[in-house]
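UniProt numbering applies: residue 1 is where the sequence shown begins, and numbers increase by one.
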Amino acid sequence: MKSMTAPGSGAAEPANDKKTWWRRKEPTHSQKPGKKIRPRGRWKKKLVICVIVAVLLAGSASGLYLLFGSEEEQVPVTGTLTYGTLNEAIEGSGTTTPADSVTYEISGTVLEWHVEEGQSVEAGDLLYVLDSSEAEDELLEYEVELDEVYEQVSELQENIANQRVTADFSGRIEEVQVEAGDNVQNGTVLATLIDDSTMKATLYFSYSFQDVIRTGMSVTLSVQDQMLTRTGTVTDVQYVDYVTPEGMECFAVTVSVDNPGSFTEGTTVTGWLTDSTGSEIYAAGDASLEYNQSQTITSGASGELTQVNVTNYGRVEEGDLLFTIDASEYETQLETLQKQIDNYEKNIADLQEEIDTEYTRYADISGQVVSAYYSTNWMTGTDTGSISIYNQESMEISINVDELNADYLEEGMEVTVYRTTSSDTVYYPATLTYLSLEATSNSSGVSTFAATITIDSQGELSSGVTVYYAIDTSGGDALTETVLAPLNALCTYDDGYYLIIRSDSRPENAIDPAETGGSVTDYPDGYYAVPVEVGDYNENYIQILSGAEQDQEVFLRYQNSAPSGGDSTSTVEGEDGQSSMPGGGMPDFGGGGNFNMPGGGGAPNMPGGRN
């Protein structure tokens with residue numbers, strides 16, 4: 001509400017009282033998204049009401065005088081023209097709450113308790129410790145289950161990688177078992193891959209030659225069935241416990257030999273070596289040739305064979321793609337497992353954070369402990385309670401701003417907040433830190449905008465204290481120093497406005513209101529109707545640009561004394577400097593609230609006013 005209190009005689013006191021009013025420049029009222037900027041027209045409506053009230057009061061006073069006759073004495077109420085600036089402020093009150101506060105709910109078994117109500121704490125101070133053993137056990141279970149899921153993922157990824165079957169070495173394909181379109185399972189035999197470019201044989205020699213034979217030595221191999229001899233190389237020596245039928249103890253020597261193309265697996269060979277003296281050392285018996293490498297190719301995944309790129313006895317090179325298996329179902333399973341991993345990791349992270357913060361609690365803010373308690377439930381054995389910490393260095397009040405006033409405000413505006421005690425009034429600097437972009441309407445259809453004022457109280461305010469605020473919205477011509485007249489002293493006539501000014505003699509420019517359509521024609525002797533030029537105004541004052549001077553006395557209205565033997569029926573002035581009608585309230589003008597000013601026409605368009 002915007003208001004100023006009239007002192008003493010009924011005229012409002014000067015608007016530049018620094019104890020009550022505060023100046024600032026007019027804020028830039030840029031239109032906010034989602035909010036319609038409304039014209040600043042509320043002063044015009046209030047001015048019209050003030051003038052009409054004056055007219056009605058004058059008529060009411062005349063009627064009352066006629067009703068009670070000479071038993072009533074009309075007492076003039078006057079005011080004084082002052083000099084200063086207009087001030088406009090949005091005012092109200094609110095209840096303080098901490099701008100920064102925190103409450104910790106406690107549930108568990110309390111092992112340590114380090115706070116009490118009224119204590120001051122700093123951010124990082126240890127408050128309490130709860131038993132976290134159950135939570136840690138649950139955390140371990142999550143971790144074990146997560147490891148199991150990771151193992152499943154590893155298997156699936158291996159299966160996905162195995163959907164492409166490639167040659168591990170160069171060689172020849174034999175015994176192809178499948179064809180394209182077959183459904184295979186993990187481990188199904190697909191074909192055999194052999195490397196017969198070289199062959200190998202294991203020969204046994206007497207331990208008497210143990211110190212003679214070593215790897216790298218040349219070995220002569222004879223294939224009697226093919227009447228061929230080939231030179232091979234010792235690739236490995238193993239000191240095994242082999243005894244021939246004749247009782248000779250022997251060790252094993254592996255020999256590799258290039259395949260001329262006629263060697264096959266199982267071909268019988270004999271072999272001998274030549275020592276450094278030229279003597280030949282023969283093996284204890286014949287041996288059978290084996291492939292240098294042989295591999296049974298199996299499926300590493302389950303699914304449909306979409307490609308078979310080999311045939312029996314075909315040659316392949318290392319890395320060639322042999323088979324392709326459709327393992328799309330593994331991709332779906334992998335997505336499911338990945339979701340499980342995400343859930344487990346989230347649960348583990350949340351539980352770990354809970355263990356770190358909820359079970360061992362440190363203060364998040366500095367402030368005062370306003371409540372701290374816990375109690376044990378005798379049925380469950382669980383300790384429950386809470387700790388609340390308020391940082392009272394700054395406080396907040398939440399307010400609702402009328403839609404007609406919201407357009408004057410913007411976030412960041414300075415606000416004066418004060419608290420009245422039994423002996424003093426204490427002021428606090430504050431700022432409008434929040435103004436909603438969206439209005440809300442109550443059941444009566446009145447729209448308001450939620451706002452927050454942050455108070456730099458430096459710990460001098462407690463929570464729950466009622467404080468008062470004033471947001472200065474003065475600006476433009478309102479900040480110019482001029483003669484100021486009480487708003488209820490202003491009268492209208494055909495050519496504009498006039499004041500009823502006390503003077504020892506009739507001013508040269510005085511008018512006769514009765515002949516010029518004046519709104520007030522009944523006033524005491526020694527007062528004269530003087531035309532004035534007006535400027536800006538607020539709820540209590542109007543600027544007088546010319547026609548009157550500072551300290552002149554002006555007539556406001558009549559106040560009647562009570563008739564003898566009866567209750568007062570005269571109009572009386574309220575605490576806010578405004579007049580009240582007998583019986584209370586304004587009369588119903590009808591016509592949807594439209595009415596005409598005395599002298600014709602509608603509500604006056606005030607020069608310099610809010611349009």
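Glycine included, every Cβ here is placed at the ideal spot set by N, Cα and C.
#1: Could you tell me the boundaries of the beta strand (DSSP E) in which D196 lies?
#2: Within 10 angstroms of its Cβ, does E539 collect 16 or more other Cβ (buried), or is it exposed?
#3: Beta carbon of G459, beta carbon of E396: below 8 Å?
#4: Which whole-angstrom value is the C-beta distance of T298 and L190, which I expect to be below 8 Å?
#5: Do you know offhand how far V110's Cα is from E331's?
#6: Look at the Cβ atom of A135, then the Cβ atom of E354, and state whether they are nearer than 8 Å.
#7: For S170, which residues from the same chain have a beta carbon less than 6 Å from its beta carbon, with the 5 sequence-adjacent residues on both sides left out?
#8: Touching or not, the stretch 356-368 and the stretch 420-431, by the rule of three or more beta carbon pairs under 8 Å?
#9: Using a threshold of 8 Å, state whether the C-beta atoms of T215 and V240 are closer than that.
#10: What are the residues that DSSP puts in a beta bridge with P429?
#11: Could you spell out where the beta strand (DSSP E) holding N162 opens and where it closes?
#12: For R506, which residues of its own chain have a beta-carbon under 7 Å away from its beta-carbon, when the five flanking residues on both sides are left out?
#13: DSSP beta-bridge partners for R506?
#14: Relative to the C-alpha of N186, which residue among L337, I325, I501 is closest?
#15: So, residue 614 versus A167, is the Cβ gap smaller than 8 Å?
#16: Classify N87: buried if its beta carbon has 16 or more other beta carbons within 10 angstroms, exposed otherwise.
#17: Confirm, please, whether the CB-CB distance from A301 to N183 is below 8 Å.
#18: To the nearest whole angstrom, what separates the beta carbons of P98 and Y408, a pair I think is in contact under 8 Å?
#19: Between N162 and M199, is the Cβ-Cβ spacing less than 8 Å?
#20: With a threshold of 16 other CB atoms inside 10 Å of the CB of Y207, please say whether the residue is buried or exposed.
#21: Can you give me the Cβ contacts of A470 inside the same chain, cut-off strictly under 6 Å, excluding the 5 residues immediately before and after it?
#22: Could you check the C-alpha separation between E329 and L139 for me, to the nearest Å?
#23: Return the first residue and the last residue of the alpha helix (DSSP H) that Y128 is part of.
#24: Taking DSSP as the reference, what is the three-state secondary structure of E141?
#25: Tell me the residue span of the beta strand (DSSP E) that contains I106.
#26: Starting from the C-beta of T296, find all residues in its chain whose C-beta is less than 7 Å away, skip the five residues before and the five after it, and write them out in chain order.
#27: Express the C-alpha separation of I399 and A372 in angstroms, rounding to a whole number.
#28: Looking at T521 and P513, is the spacing between their C-beta atoms short of 8 Å?
#29: The beta strand (DSSP E) spanning L321 covers which residue range?
#30: Under the rule that 16 or more other beta-carbon atoms within 10 Å means buried, what is P486, buried or exposed?
#31: Give every residue of the same chain whose Cβ lies closer than 6 Å to the Cβ of A123, excluding the five residues on either side of it in the sequence, and list them in chain order.
#32: Given this structure, state the Cα-to-Cα distance separating D495 from I544, to the nearest angstrom.
#33: Within 10 Å of its beta-carbon, does M227 have 16 or more other beta-carbons around it, so buried, or fewer, so exposed?
#34: Tell me, please, which residues DSSP counts as bridged to W113.
#35: Let me make sure I understand the geometry here. Which of I501, L404, T220, G517 has the alpha-carbon closest to that of P76?
#36: Buried or exposed for L130, please, with buried defined as at least 16 other CB atoms from any protein chain shown within 10 angstroms of its CB.
In short:
#1: Its beta strand (DSSP E) spans residues 189-206.
#2: That one is buried.
#3: With contacts defined as CB atoms closer than 8 Å, G459 and E396 fail to qualify as a contacting pair.
#4: T298 to L190, Cβ: 6 Å. Contact.
#5: Rounded to whole angstroms, V110 to E331 spans 48 Å at the Cα level.
#6: Result yes, Cβ atoms of A135 and E354 sit closer than 8 Å.
#7: Spatial neighbours of S170 in its own chain (CB-CB distance under 6 Å, excluding positions within 5 residues in sequence) are listed in chain order as E317, E318.
#8: With the cut-off at 8 Å, the stretch 356-368 and the stretch 420-431 do not touch.
#9: No, the pair does not count as a contact, with Cβ atoms beyond the cut-off.
#10: In DSSP, P429 forms a bridge with T416.
#11: Careful: N162 lies outside any beta strand (DSSP E) and carries neither H nor E.
#12: Y528.
#13: The partner list for R506 (beta bridge, DSSP) is empty, contrary to what the question assumes.
#14: Ranking L337, I325, I501 by CA distance to the CA of N186 puts I325 first.
#15: The structure shown does not extend to residue 614, since the chain is modelled only from 1 to 611, so the question has no answer here.
#16: Within a 10 Å sphere around the beta-carbon of N87 sit 16 or more other beta-carbons, which makes this residue buried.
#17: For N183 and A301, no; Cβs fall outside 8 Å.
#18: Rounded, the Cβ-Cβ distance is 28 Å, inconsistent with contact.
#19: For N162 and M199, no; Cβs fall outside 8 Å.
#20: By the neighbour-count rule (16 or more Cβ atoms within 10 Å), Y207 is not buried but exposed.
#21: Within the same chain, A470 has close Cβ partners A89, E91, T416.
#22: If you take the alpha carbons of E329 and L139, they lie about 32 Å apart.
#23: No alpha helix (DSSP H) holds Y128; the beta strand (DSSP E) holding it covers 126-130.
#24: Of the three classes helix, strand and coil, the one that applies to E141 here is helix, per DSSP.
#25: 97-108 is the span of the beta strand (DSSP E), which, as asked, contains I106.
#26: Result list for T296: V189, T192, in chain order.
#27: The C-alpha of I399 is placed about 30 Å away from the C-alpha of A372.
#28: Yes, these two residues count as a Cβ contact at 8 Å.
#29: If you look at L321, you'll find it in the beta strand (DSSP E) that goes 321-326.
#30: Taking all protein chains shown into account, P486 has 16 or more neighbouring C-beta atoms within 10 Å of its C-beta and is therefore buried.
#31: Same-chain partners within the cutoff: A363, I365, S366.
#32: Within the model, the alpha-carbon separation for D495 versus I544 is close to 16 Å.
#33: Exposed: under 16 other Cβ atoms inside 10 Å.
#34: Bridge pairing for W113: Y128 [DSSP].
#35: Cα-wise, what sits closest to P76 is I501.
#36: Buried, because 16 or more other Cβ atoms sit within 10 Å of the Cβ of L130.
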